[in-house]
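Chains as they are written, first to last, in the numbering used here: chain A, 1 to 352; chain B, 353 to 704; chain C, 705 to 1056; chain D, 1057 to 1408.
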């Protein structure tokens, strides 16, 4: 039985920072589930909210509890909930779709035009408890370890991106070796890609890219980079570009390296509009460019569950600190230092 | 039996203009076909070559005969040719693929990385005779009229673009009502699209767009244009964008009107790099963007043959002047005046 | 405000026939909607239930109200229903999916492994009122006439089948010109198919097939039938087979007429196992065979709404009698006589 | 320089057996290539030809040299051949497509309606030399070992089947652990499948299936087999059925184990027509059934080259004896004993 109050990491004011606050355990409706958070993971978006960048200023309405990557145990369920039971170990799809717009009706709920994101548009999971609509709950297979269960949200981004087109036997370039880029390397490798190139400015992250399974990790500043990729692909370029950096130069370089008729799947978020050589990079190239957002509901969740429970994904190099919620300032400063890897919070007590 | 010389419209010098010249009937190899041109049609690319724009300066090597849209009768065949016979009425895929690069091997010869285009990279069809490799010859179904057979190259661009994804029951926006945009309207209408919007700056072309089958033809400068499209699509925007203008403002507007999860197929060629709101127009939108180049070999040719021979395409509003090759200056100046529509040359005598 | 009792056409006993009975207006839960039925249409399945065939004996549990094709006005809504309001004119997807099995999770709710069908597994729409879960309600676009709205269930079967693969510019064979076969003809024609063949034993239905848009309606007993289809398709056979008869001979003939690499979409339900020349008809042919069940939720509903509201479908030849529920015996005997076409009931008063 | 005669394993008469004969080195045309065979592998089809079964009697015209799986070095090239050079180490696609039928034109040359197979319809590779049209030659990547290069034909069948739809994160059943079934296990495993079940009557082959990477190898006679597969897939059944046996009971069992909405890719060749529960196994199941024939030209060849050269495929357990052509009787009798695995001939001298 939950106490009436709980600790939560909250954005209190429209400025840099966050506060650990005592707040009421949230109320929940008849179709909702109350989850006791076991582990929560910090997303790049959380860094933006913490740092209060331009995007945060336009989207976030303090005071609110942030955080949207987590796993935990169901504490209580609403009266109409039949598919989940107290004690179930779960994570959740935090994008709540409307169910009646045209994308929702066309089998594309992941690009719902009325989406609401828990932890962005309403209180999230950097807290002892979080409320989730029952239909967004995802039960964790017992074969999946807790720290993997805490990062299903970003891992789902990676799986969604990699499996948005053929990957087996394809030569692949991952531009940007942040956490989702690194996970994409593990997923592409597990799914039978051919040559796997990564580009990344940070040498530590290039190391990690190799540990995760990249064949080659290149510095984008290397003047011979295009020649190297072309040579390794018999002059064609890569079959698949997985763009994870959001950086204009990386996007440009990635498209340059993409072969005629290739696939470019874009997940990284540029801060500003990007100037594109549309003719040579897309049109004459006959490229297919896919914007990737969220996770397919719930095809991506099924896919990553299978990959995880059968031990197909090499994710361990990715994990860094595990800490209680109180140490949030340390956690954010570690991540702001530019080190890739996932930091986990344990709001209800110390990690195993 | 062809005479030893013929008349050809040739780019003689690196400057604006062209010349009607007497040249040798071209020689052909054992796997080639010599075609007596019945009708040839002028492409926007031919206007660029005639006007000697920046692109032409970098790609065209005078002296050469240009023109790449045509139909005609086979005059003679090479010794190794078994699939075509003298007298066959034919057109041709003018993109000659290499057959051994990775796109060619992956079933994407239309984006061959070593493509050579007849009429661009070698002598074309604005002449009494043209030489075509036998495997690029397309025999014309007898149910297809001659003036339709003369425009299969650009009609194929339209068919390729429209059928690059689902079109039946889709709300569609065609940006740009030049000849290929107009043909795309006819094709999308024939293939069961739902609401069909066209945008076009030129009022005469907007008229044509309606005649070809658009439900609504809008002026891009109309400040209410986005509101109109959204209202007609219950707030969603269109399912499919067919970009035919190459104009940055139209591209931007087109993506703005595209619904979440929609398809954008790009055929129009921008002169310069285009600045893109990649986040909102592609990534968060979960859009699929397809660069369209040439025609699928030869799926597109089969498709357009079926549509034409069963009378599914309303193309008549598209056709304008038919003239002998000598009147080329009139032809180019008519088209440079900005009127849409196809002008046909008859290098071997007057049109029917 | 509904009265407490209503008239309903019910299967009372495990034997041929049905009874018009006075029963309580059904109760509904917090997420349900009570609909006053305007028009209901008779499906082949209803004929089976009425006639009490082998399938009915294994699946139907009398007493129950049958009927699953309808339209009507929302009378009342449950407390948790926010997306539908009293007075809305609606139809419904009568296949209620579970939402948590693997097909549901993989974006294929139409093949849910725990599906429950209203009108088969629980009380249906041959009554003054019917109860539908809110998420299965489909609002009718005002541009769609009432008698079209009454047949969205089988029209959805047709749209699902036709649009399960490419149809534009394809040569198509529809085997079986019952109601869904006839609708498929209208849909394929609207979506730009090339040559459209129908096969049907009943001459009256062959007439109807031509009225709906078939180019050729053939008697399957015609010994030259295969030669005719081959000749009209340059020896290849059809690109697409839409199997609507469920008859083994038609299935066999259909596959014989299918070209190498073609698509066969099967909706017709054979009574018994079918013997198949798997090697020549599927494996060496490189055919793709699709089992079609129900309607995609809700992509098919969006598609048919667009086709109907833009007037793309020629459906009028399909409609036959409109009658009050009391005349059910006449209705069933008319349909049992083998005439195709849709008969509509008006349980709440006479048709317009 | 080849001698004027060579040894070849030939079917001389319409009866069981074959003869090693001295014949002329075959002549070749201007677009052909003469290859000195290094290693040739025996296919199940060769066993049929040797044993002179019903199929062979209808298709094979003695006298002829059989064999269609091989690798070797180019000895000489025709005058028009520009893409291959003497000394190149090659294999070949032995299905020679016509290039102008509808499937060929639609991008499906692997189901050409006029296909001619080298080693079936004309002299094959169980000989010192074989003639291949230049466009059917496939150059071997230097990273691929000789014994792998000798089995690209059947490995291509496996790759074509496995990659005919999504495989990553899918639960897969392979029915039949003959050589192509075993290769399919290796391919599916390399491409990130989830749980991989194999069924096979022969215990030795079940052993091999496990060595190749199956998670579970089941005896089809096990009465609990369906229950086991259902339990391991949470009641759903497998996502993908790869049918490799051609045995009616295996086909039936495979479809029973396939989940609602699953994919069944059929490569195994039943001897006789198969009786199918089309309603429950395909239609109500919403299954997609694919006939698989040959290899995609040349997408499959690219895919298998990438998988092989990056060492993704565990093929070693598959290989058995390597022997000179003279020992053909031993080779066929070994294979007729029902042992799976590939036996290689070395017509030009002993294996390395």
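By construction, the Cβ of each residue, glycine as well, lies at the ideal position given by its N, Cα and C atoms.
Same chain only: Cβ atoms within 8 Å of residue i, ignoring 5 sequence neighbours per side
{"i": "residue 169(A)", "result": "192, 193 and 194"}
{"i": "residue 377(B)", "result": "354, 355, 356, 357, 358, 386, 480 and 481"}
{"i": "residue 133(A)", "result": "31, 32, 33 and 96"}
{"i": "residue 1032(C)", "result": "713, 722, 724, 830 and 1049"}
Where residue i falls, given that 16 or more other Cβ within 10 Å makes a residue buried
{"i": "residue 1254(D)", "result": "buried"}
{"i": "residue 497(B)", "result": "exposed"}
{"i": "residue 985(C)", "result": "buried"}
{"i": "residue 1088(D)", "result": "buried"}
{"i": "residue 239(A)", "result": "buried"}
{"i": "residue 726(C)", "result": "exposed"}
{"i": "residue 54(A)", "result": "exposed"}
{"i": "residue 506(B)", "result": "buried"}
Beta-carbon proximity list for residue i, same chain, < 7 Å, skipping 5 on both sides
{"i": "residue 62(A)", "result": "11, 12, 13 and 14"}
{"i": "residue 753(C)", "result": "715, 760, 764 and 770"}
{"i": "residue 934(C)", "result": "941"}
{"i": "residue 1256(D)", "result": "1232, 1233, 1262, 1265 and 1273"}
{"i": "residue 274(A)", "result": "248 and 251"}
{"i": "residue 79(A)", "result": "30"}
Reduced DSSP secondary structure (H/G/I, E/B, other) of residue i
{"i": "residue 1219(D)", "result": "coil"}
{"i": "residue 332(A)", "result": "helix"}
{"i": "residue 711(C)", "result": "strand"}
{"i": "residue 233(A)", "result": "coil"}
{"i": "residue 886(C)", "result": "helix"}
{"i": "residue 779(C)", "result": "strand"}
{"i": "residue 1140(D)", "result": "coil"}
{"i": "residue 495(B)", "result": "coil"}
{"i": "residue 822(C)", "result": "strand"}
{"i": "residue 673(C)", "result": "Here chain C covers residues 705 to 1056 and nothing more, so residue 673(C) does not appear."}
Beta-carbon gap between residue i and residue j smaller than 9 Å
{"i": "residue 1228(D)", "j": "residue 1237(D)", "result": "no"}
{"i": "residue 165(A)", "j": "residue 185(A)", "result": "no"}
{"i": "residue 1208(D)", "j": "residue 1388(D)", "result": "no"}
{"i": "residue 179(A)", "j": "residue 318(A)", "result": "yes"}
{"i": "residue 126(A)", "j": "residue 347(A)", "result": "yes"}
{"i": "residue 658(B)", "j": "residue 1163(D)", "result": "no"}
{"i": "residue 442(B)", "j": "residue 646(B)", "result": "no"}
{"i": "residue 819(C)", "j": "residue 799(C)", "result": "yes"}
{"i": "residue 1378(D)", "j": "residue 1399(D)", "result": "yes"}
{"i": "residue 712(C)", "j": "residue 774(C)", "result": "no"}
{"i": "residue 137(A)", "j": "residue 92(A)", "result": "yes"}
{"i": "residue 1353(D)", "j": "residue 1165(D)", "result": "yes"}
{"i": "residue 618(B)", "j": "residue 266(A)", "result": "no"}
Sequence-distant residues of its chain with Cβ nearer than 6 Å to residue i (five each side left out)
{"i": "residue 345(A)", "result": "40 and 325"}
{"i": "residue 567(B)", "result": "547 and 548"}
query: So does the stretch 1311 to 1318 of chain D actually touch the stretch 803 to 822 of chain C, counting three or more Cβ pairs closer than 8 Å?
result: yes
message: Could you check whether the stretch 922 to 931 of chain C touches the stretch 814 to 834 of chain C, counting it as contact only if at least three pairs of C-beta atoms, one from each stretch, sit closer than 8 Å?
response: no
- request: Decide if the stretch 974 to 994 of chain C is in contact with the stretch 1345 to 1354 of chain D; the criterion is three or more beta carbon pairs, one per stretch, under 8 Å apart.
  value: Yes, the stretch 974 to 994 of chain C touches the stretch 1345 to 1354 of chain D.
- prompt: Looking at C-beta atoms only, is the number of pairs between the stretch 1024 to 1036 of chain C and the stretch 719 to 732 of chain C that lie closer than 8 Å three or more?
  reply: yes
- prompt: Are the stretch 262 to 272 of chain A and the stretch 239 to 252 of chain A touching by the rule of at least three beta carbon pairs closer than 8 Å?
  reply: yes
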